[in-house]
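Step one of this worksheet: look at the structure below.
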Amino acid sequence: MSERILSVLVEDKPGVLARVASTISRRGFNINSLAVGPTNIQGRSKMTIVTELESVEQVKKQLNKLINVIKIVELDPENTIESEVLLLKVSINKDTQTSVIEKASLSGAKSVDVGSDYAVFEMTGASKDLDKLENLLKPFGIIEMIRGGRIAIQTKL
Amino acid sequence: MSEEKLSGAELVVRSLEYMNISTIFGLPGGAILPAYDPLYDSPIRHILARHEQGSGHMAEGYAQATGELGVVIATSGPGATNLITPLTNALMDSTPLLAITGQVASEAIGNDAFQEAYTVGLTMAATKHNYLITNAEEIPQILLEARHIATTGRPGPVLVDIPKDILNQKVEWIEPKLIDLPGYKPTLEPNPKMINQAADLIKKAEKPILYVGGGIIHSKANEELFELATKFQIPVVTTLMGRGAFPDGNELCFEMPGMHGNYTATTSIQKSDLLIAIGVRFDDRVTANPKFFAQNAKVIHADIDPAEIGKIREPEVPIVGDAKSVITGLIERLEGSDLKTTDWINELNQMKKDYPLSYIQEEKGPLKVPFVLEELQKLSDEDAIVVSGVGQHQMWISQHWNFTQPNTWLNSGGLGTMGYSLPAAIGAQAAYPDRQILALDGDGCFQMTCQELITASTENIPIKIVVFNNGNHGMVRQWQKIFYKNRFSASELTHHTPDYVALAESMGATGLRMIEKSDVKKVFEKMLEINDKPVLVECIVDPEDMVFPMVPAGGSNDVVILNEDDLKKL
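In order, the protein sequences belong to chains A and B.
For the first sequence, position 29 matches number 29 in UniProt numbering, and the numbering has no gaps at all.
For the second sequence, position 57 matches number 57 in UniProt numbering, and the numbering has no gaps at all.
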């Protein structure tokens with residue numbers, strides 16, 4: 001696995017995401033995924049950045065130079081729980097409806113809205129499981145799919 | 001009893017006074033106007049530039065000459081966008097700068113209001129950090145934070161953008177709190193383990209080289225460097241930004257390596273077995289193609305900015321810390337060791353004899369910049385500050401001027417900003433009214449910011465300007481000669497050359513001219529006598545001259561082009 005996951009604690013201030021994004025694009029770093037959201041600490045947000053092995057040291061150092069970046073931890077894949085959310089809208093008809101819902105639910109997705117010609121599924125889990133669901137439903141015609149970016153947390157204290 | 005209320009603008013001026021800022025550079029306009037009103041009554045000296053780019057370089061010159069914060073103030077929109085060049089310049093050369101810009105009123109932000117620009121967004125990649133103030137009460141605290149960020153760690157520019165309504169908002173002065181930035185804690189003290197490892201490598205080295213740069217000057221570590229080099233007999237090369245960090249003329253000083261460095265400095269690194277790199281960033285103008293750079297050397301790399309370490313070259317010993325502490329630590333750990341570097345130093349001195357910097361000044365031929373520089377140095381003060389533009393003349397100054405003190409060489413190293421010299425010299429003279437400030441510029445550079453000559457005259461800033469006029473963008477011409485078969489596309493400036501003497505006089509300065517060898521001494525003597533107003537000397541020089549040695553961009557430092565004949569090697 002050449003991927004590395006960085007957990008970046010930042011000050012929750014206007015423009016922080018722009019600063020991080022600007023640093024990444026300016027230095028030409030390769031980023032696979034970036035997700036941002038609040039933490040349990042007032043005034044602090046967490047960004048989860050998935051990057052390639054070769055650029056990880058420079059990504060860490062350049063991001064650390066940003067005044068609003070407080071701490072960067074590289075997560076050890078052995079002790080990391082990773083999760084991503086997905087919403088997927090797929091075509092259905094009378095013939096395929098049962099099969100689509102069955103396949104989706106066996107994959108761990110939850111149907112959140114089903115119409116006569118479409119169904120919307122929600123799934124949370126490891127990114128590779130979301131990939132599987134996507135591949136499974138592709139033959140039926142995916143109308144729209146959104147993924148929320150990967151977030152991750154260390155399992156040990 | 002509540003204290004008297006102050007406007008945001010008054011808070012800005014009071015904060016600058018609180019920080020003991022004595023001189024600022026700027027140019028007013030709509031959004032920043034409220035701040036200019038209390039400035040009218042303040043003891044702070046405001047120097048009115050003719051262009052915001054000029055004001056920014058003035059603040060840089062002030063900061064580079066003093067090692068202290070330079071402050072520039074500008075209005076919104078074009079005022080702020082005109083600052084982008086000096087901000088980026090300061091970022092590249094790690095110059096501590098505080099820029100305060102006016103912004104359109106808070107409620108107009110985002111509406112494409114008159115003179116609105118997204119200053120914080122535009123300057124994000126041009127500053128170390130920037131702020132948009134949303135409440136006047138924050139002004140003192142944020143300005144102090146901005147100064148702290150600009151002047152500590154690796155110095156750099158910080159911009160504070162203040163909307164006009166915030167400048168007019170009435171609030172109480174809140175005494176600034178102790179600065180606590182959770183994400184900003186520069187490492188000053190190096191890890192002793194790394195210092196030990198470095199010292200062990202140094203003790204074993206047979207051909208060590210101290211490769212030092214601007215970090216020594218920012219850290220004011222020149223005395224410590226001198227002790228380290230002389231006590232343990234380690235030769236030194238100084239980068240363009242590090243000229244003056246170690247005295248030229250010392251037998252251990254081999255001056256500048258790199259693209260237009262001298263042969264010995266460049267080659268010493270190639271032959272070295274240990275590079276002790278302190279306060280440098282392995283810039284491409286030093287390394288050429290990094291694949292071929294110092295291939296036989298182990299590397300100790302000390303820098304205050306962790307991101308510089310391993311960016312270009314992975315060192316054997318990485319050290320994060322302030323240059324002064326790093327060097328002090330090394331001296332302590334090396335105490336008592338006897339480095340066997342005599343053969344190495346002899347080898348380098350022999351090389352220096354075999355490959356000297358040379359030029360030929362013919363009695364009746366056109367003036368050569370190196371000759372003119374050497375004549376000027378003979379006549380000028382030991383502590384004169386030399387401020388350069390960018391290009392051939394800059395390289396010649398770095399090669400031929402003897403720098404013996406830090407902060408006496410100001411130039412635009414990283415960004416290569418033509419037009420830097422004249423305004424930066426004004427900034428330096430504002431800091432040191434009684435020192436000789438020599439703006440040594442090219443004609444192409446001078447034309448970029450020459451309106452600031454009016455600023456110098458108006459403010460009684462008696463800088464001495466030498467415009468080396470070769471009627472060309474000389475370095476561009478040199479490259480066109482070497483790489484573009486003498487096709488001089490857009491590099492000639494001769495079609496409408498201004499009369500520089502008349503131009504100087506029209507702007508309130510004294511104008512002088514030198515054409516022949518016999519002019520040089522008497523014109524410079526006259527120039528150096530004038531101390532009540534700026535003086536400009538036009539020096540007509542040979543347009544065919546090229547700067548050597550030269551290592552072409554992307555080449556190997558093993559192949560140094562020494563002269564025109566050597567170009568056949570390419």
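For glycine and all other residues, C-beta sits at the position ideal for the given N, C-alpha and C.
- Looking from the CA of P34/B, the closest CA among N89/B, P43/B and I100/B belongs to I100/B.
- Burial state of Q42/A is exposed, judged by a 10 Å Cβ sphere holding fewer than 16 other Cβ atoms.
- Here Y40/B is exposed. Its C-beta has fewer than 16 other C-beta atoms within 10 Å.
- Contacts with chain B (Cβ-Cβ distance below 8 Å) from the region 41-69 of chain A involve E57, Q58, K61, Q62, N64, K65, L66, I67, N68 and V69, listed in chain order.
- Nearest neighbour of A80/B by Cα position, chosen from T66/B, E68/B and G121/B, turns out to be G121/B.
- Here L157/A is exposed, its C-beta having fewer than 16 other C-beta atoms within 10 Å.
- With its beta carbon less than 7 Å from one in chain B, S22/A belongs to the interface.
- Judged by their CB atoms, T239/B and G213/B are nearer to each other than the 7 Å cut-off.
- Looking only at L9/A, A126/A, L136/A and V73/A, the smallest Cα-Cα distance to N40/A is reached by L9/A.
- The beta-carbon separation of K340/B and E206/B, rounded to 7 Å, stays under the 8 Å limit for a contact.
- Considering only beta carbons, the part of the region 114-127 of chain B lying closer than 8 Å to chain A consists of V120, G121, M124 and A125, in chain order.
- Counted as a single uninterrupted DSSP element, the stretch harbouring Y131/B is not any alpha helix (DSSP H) but the beta strand (DSSP E) occupying residues H129 to L132.
- Judged by DSSP secondary structure, C539/B falls within the beta strand (DSSP E) whose first and last residues are V535 to I540.
- When DSSP states are grouped into helix, strand and coil, I153/A belongs to the strand group.
- Within chain A, the C-beta atoms nearer than 8 Å to that of L181/B come from I67, in chain order.
- G336/B counts as exposed, since fewer than 16 other C-beta atoms from the protein chains shown sit within 10 angstroms of its C-beta.
- In the three-state reduction of the DSSP assignment, F293/B falls in the coil class, being assigned neither a helical nor a strand state.
- Within chain B, the residues whose beta carbon sits less than 8 Å from that of R19/A are M124, listed in sequence order.
- If you look at Q103/B, you'll find it in the beta strand (DSSP E) that goes L97 to Q103.
- Within a 10 Å sphere around the beta-carbon of Q350/B sit fewer than 16 other beta-carbons, which makes this residue exposed.
- By DSSP's assignment, D161/B forms a beta bridge with T101/B and L132/B.
- A Cβ-Cβ separation of about 18 Å leaves G258/B out of contact with N402/B under the 8 Å criterion.
- Within the same chain, P38, L39 and S42 come within 6 Å of V13/B by CB-CB distance, once the 5 residues on both sides are set aside.
- Within the region 60-116 of chain A, the complete alpha helix (DSSP H) segments at least 4 residues long are 97-107, listed from N- to C-terminus.
- About 5 Å separates the Cβ atoms of M418/B and M448/B, confirming a contact at the 8 Å cut-off.
- Contact between the region 506-516 of chain B and the region 432-445 of chain B is absent, with fewer than three C-beta pairs closer than 8 Å.
- DSSP, reduced to helix, strand and coil, places L178/B outside both helices and strands of the structure shown, so it counts as coil.
- By the Cβ criterion, the region 292-309 of chain B is not in contact with the region 370-383 of chain B, since fewer than three pairs of Cβ atoms, one from each stretch, lie closer than 8 Å.
- In the DSSP assignment, S7/A falls within the beta strand (DSSP E) that extends over E3 to E11.
- Within the region 279-346 of chain B, the runs of beta strand (DSSP E) that reach at least 3 residues and sit entirely inside it are, in chain order, 298-303 and 317-320.
- Considering only beta carbons, the part of the region 308-322 of chain B lying closer than 7 Å to chain A consists of G310 and K311, in chain order.
- Shortest Cα-Cα distance from E54/A to any of P77/A, E3/A, E11/A and P14/A involves E3/A.
- Put simply, the backbone Cα of G141/A is about 10 Å away from that of E134/A.
- Here the C-alpha atom of R487/B lies approximately 16 Å from the C-alpha atom of T494/B.
- Comparing C-alpha distances from N469/B to each of H400/B, I540/B, M527/B and A428/B shows the shortest one belongs to I540/B.
- Y211/B and L275/B have their alpha carbons spaced roughly 7 Å apart.
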